[in-house]
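Q: Below: one structure in structure tokens.
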Amino acid sequence: MSSANLSIVIPTLGRESVLLDTVRALLELEDRADEILIIDQTSQHQPATESTLQQWHDAGDIRWIKRETPGIPQAMNAGLLAAQGELVLFLDDDIIPAPELVTGHRASHGKQDVDAVVGQVIQPWQQPEEIGHPHELSGLHTDFDFPFHSTISGPVQNVMAGNLSVVREKALSIGGFDEQ
0 MSSANLSIVI
10 PTLGRESVLL
20 DTVRALLELE
30 DRADEILIID
40 QTSQHQPATE
50 STLQQWHDAG
60 DIRWIKRETP
70 GIPQAMNAGL
80 LAAQGELVLF
90 LDDDIIPAPE
100 LVTGHRASHG
110 KQDVDAVVGQ
120 VIQPWQQPEE
130 IGHPHELSGL
140 HTDFDFPFHS
150 TISGPVQNVM
160 AGNLSVVREK
170 ALSIGGFDEQ
């Protein structure tokens, strides 16, 4: 699936300039997503934010989908249903994307038989590090402190959905994300 169509879904609530900065950075990537969906749960944006989102929507740069009832898994499911790509990449609304973000997700799905790929989530106080993955003890995974900023590839049990791509049809076949 290295050449698979990829949709980016960004659930958001109450974000203004940081959301615009995120979308602008995604639009400037050399390897862009095939579509960017903003699942907006904000009741009212500042005029400048509203205007910019509307301009991008009207120009076809993004699909701006408004939801009245906030909820992260509900917004993710709305994006999953609305997305047209074979792959759906869920991102936080306050990210600075690496230049190879989209390329990396496509490539990871293409070289492995996987249904989901979790990318790095690097907090402002962190740097990428070669940190090993948690060990399994007595059948329990000790990944409550999983190093999401690790540069080492490996299996995971828990994820942050701020940089998560899924095969759309597989995610839909299991009912999407748990809304409970």
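So for the sequence shown, numbering that gives the first Met the number 0 puts the first residue at 0; every next one is plus one. From the three backbone atoms N, C-alpha and C, an ideal C-beta is built for every residue, glycine too. Bear in mind that the values here come from a model prediction, so they are computed numbers and not experimental data.
1. So D91 and R66 are in contact, right, with Cβ under 8 angstroms, and what is the actual spacing, rounded?
2. Per DSSP, I35 is paired with what?
3. Work out the CA separation of V87 and G78 for me, nearest whole Å.
4. From E34, L28, E29, G13, pick the residue whose C-alpha is nearest to that of E49; which is it?
5. May I ask you to list the residues that DSSP assigns as paired with L86?
6. Under a Cβ-count criterion, where at least 16 other Cβ atoms within 10 Å of its own Cβ denotes burial, should P10 be classed as buried or exposed?
7. Just list the beta strand (DSSP E) runs in the region 32-119, keeping only unbroken ones of 3 residues or longer that don't cross its boundaries, in chain order.
8. Excluding the 5 residues flanking D93 on each side, which residues of the same chain have their C-beta closer than 7 angstroms to its C-beta?
9. How far does the alpha helix (DSSP H) with L26 in it extend, from its first residue to its last?
10. Quick check on T68: buried or exposed, where buried means 16 or more other Cβ atoms within 10 Å of its Cβ?
11. With DSSP as the reference, label L12 as helix, strand or coil.
12. Around the C-beta of S6, are 16 or more other C-beta atoms found within 10 angstroms, so that it is buried, or is it exposed?
13. If I'm right that R62 touches A81 with Cβ under 8 angstroms, what's the distance once you round it to whole angstroms?
14. Just the Cα atoms here: how many angstroms apart are D30 and A24?
15. Could you name the residues of the same chain whose beta carbon sits closer than 8 angstroms to that of M75, not counting the 5 residues immediately before and after it, in chain order?
A: Reading from the atomic positions:
1. Incorrect: roughly 17 angstroms between the Cβ atoms, too far for contact.
2. I35 pairs with I7.
3. 9 angstroms
4. Distance from the Cα of E49 is smallest, within the candidate group E34, L28, E29, G13, for G13.
5. L5, V166
6. buried
7. 34-39, 62-65, 86-90, 115-117
8. R14, V17, T21
9. 16-26
10. exposed
11. coil
12. buried
13. 7 angstroms
14. Taking the straight line joining both Cα atoms gives about 12 angstroms.
15. V8, P10, I38, F89, A160, G175, F176
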